[in-house]
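*Asks:* Got a structure for you, written out below as structure tokens; questions coming shortly.
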Amino acid sequence: MKLYEGMFIIDNTIANADWDAAVKQVSDILENRGAEVIKSEKWEERKFAYKLKGHKRGTYLLTYFKAPPDSVTPIKRDLQLSDNVLRTLIVKIDKIKEPVTKEAQSPEKEPTAPVAPK
Numbered sequence: 001m002k003l004y005e006g007m008f009i010i011d012n013t014i015a016n017a018d019w020d021a022a023v024k025q026v027s028d029i030l031e032n033r034g035a036e037v038i039k040s041e042k043w044e045e046r047k048f049a050y051k052l053k054g055h056k057r058g059t060y061l062l063t064y065f066k067a068p069p070d071s072v073t074p075i076k077r078d079l080q081l082s083d084n085v086l087r088t089l090i091v092k093i094d095k096i097k098e099p100v101t102k103e104a105q106s107p108e109k110e111p112t113a114p115v116a117p118k
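Position 29, counted from 1, in the sequence shown is what full-length UniProt numbering calls 29; the numbers after and before it change by one each time, with no gaps.
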């Protein structure tokens, strides 16, 4: 089995009403196709630049899972047929990335070289 990262945009009305049910629906689709969910994270709600399936906003769900390579296409199809999932992106990864902290994002000051005498 290979390791995958899936980013799913969930219908905002469903996400606000019952987030756990929305996550369970995505997990069930994955597990029905032989995938093993490792980790799921809720990301923030965002406004779209354009409508997706008639919606202006959505909540992002990041999921890491292991699955047989031949099951990814059926998983994508099942998720696209779901009314609650507005958009799907699944990519194969080598390892799960650690979240980036704010300290790591801030650029470090480079040491300045002494000015040469004239």
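Ideal Cβ placement from N, Cα and C applies to all residues, glycine included.
Small disclaimer: the values here were computed from a predicted structure and weren't measured.
#1: Using DSSP bridges, identify the partner residues of D28.
#2: Between which residues of its own chain and K66 is the CB-CB distance below 6 angstroms, once the five residues before and five after are set aside?
#3: Pull up the CB-CB distance for K42 and T59, whole angstroms please, since I reckon it's below 8 angstroms.
#4: What ranges does the beta strand (DSSP E) occupy inside the stretch 40 to 108, keeping only unbroken runs of at least 3 residues that lie completely in it?
#5: Among I10, P117, Y64 and V85, which one has its Cα closest to the Cα of V91?
#6: Answer yes or no: do H55 and L81 have a C-beta to C-beta separation smaller than 8 angstroms?
#7: On the DSSP letters alone, give me the boundaries of the alpha helix (DSSP H) that A17 sits inside.
*Replies:* Taking the structure as given:
#1: For D28, which the question treats as bridged, DSSP gives no partner whatsoever.
#2: M1, L3 and E36
#3: 7 angstroms
#4: 55 to 67 and 85 to 92
#5: Y64
#6: no
#7: N12 to A17
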